[in-house]
Amino acid sequence: MEMVKIMPSTEHEDKSLSVLDPLICRKSLRNLSYRKLPRQLLIELSVLKLDGSSFDVNVARNASIGELKQAVEEVFSFSPKSGEGNISWSHVWGHFCLCYEGKKLINDKVHIRRFGINDGDQVSFNSPICGI
């Protein structure tokens with residue numbers, strides 16, 4: 001399997017991209033895309049944060065839950081303002097999970113298509129920690 005680097009697009013979002021205030025207080029780029037993938041192989045998903053705001057990420061149609069989580073993490077690593085605190089993603093994913101239509105997206109190896117996730121859909125952060 002070829003590894004693909006996630007790169008930010010040039011579209012900017014003015015909203016705060018904090019996922020778990022006060023843990024995260026950052027602004028970042030809006031859309032991410034896999035540089036090596038043709039546009040038709042990507043889908044855009046909206047990610048709803050706990051504060052009610054959202055941001056978009058682009059992932060491969062056949063992306064795994066782990067790759068979706070990586071895309072979410074990449075939004076924050078490409079912040080236009082450097083030095084705005086570090087995010088402990090192991091802490092974030094240990095206490096919160098992404099959900100889609102009430103389904104918990106907790107198995108990093110499962111592909112998003114198994115949940116019926118399509119272009120334009122929304123996933124959301126869920127609190128408290130997702131259990132089995």
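For the sequence shown, counting from 1, position 26 maps to 26 in the UniProt record's numbering; every step adds exactly one. Where is the CB? At the ideal position from N, CA and C, for every residue including glycine. Quantities reported herein were computed from a predicted structural model and do not represent experimental measurements.
Might you give, ordered along the chain, the residues of its own chain that have their beta carbon closer than 8 Å to the beta carbon of residue i, omitting 5 neighbours on each side?
i	result
isoleucine 117	Ile43, Leu45, Tyr100 and Val123
lysine 103	Phe115
tryptophan 93	Lys69
Considering residue i, what are the terminal residues of the beta strand (DSSP E) in which it resides?
i	result
leucine 98	97-100
asparagine 126	122-126
serine 54	54-60
Can you tell me whether residue i is helix, strand or coil according to DSSP?
i	result
leucine 42	strand
lysine 104	strand
valine 110	coil
glycine 116	coil
serine 88	coil
Could you spell out the range, first to last residue, of the alpha helix (DSSP H) harbouring residue i?
i	result
alanine 71	65-77
At a Cβ threshold of 8 Å, is residue i touching chain C?
i	result
glycine 52	The structure shown contains no chain C, having only a single protein chain.
Which one or two residues does DSSP pair with residue i in a beta bridge?
i	result
leucine 48	Ser54 and Ser124
Since I believe residue j is in contact with residue i (beta carbons under 8 Å), could you give me their beta-carbon distance rounded to a whole number of angstroms?
i	j	result
asparagine 58	histidine 111	Actually they are not in contact, since the Cβ atoms of asparagine 58 and histidine 111 sit about 16 Å apart, beyond 8 Å.
isoleucine 65	aspartate 108	5 Å
tryptophan 89	glutamate 67	The pair is not a contact, with the Cβ atoms about 14 Å apart (cut-off 8 Å).
Under 7 Å Cβ to Cβ from residue i, same chain only, skipping five residues before and after it: list those, please.
i	result
proline 22	In this prediction, proline 22 has a pLDDT of 29, which is less than 50 and means its spatial position is unreliable; nothing more can be read from the coordinates.
serine 127	Leu50 and Phe96
In chain order, what residues of the same chain have a beta carbon less than 6 Å from the beta carbon of residue i, not counting five sequence neighbours either side?
i	result
leucine 98	Leu105 and Val123
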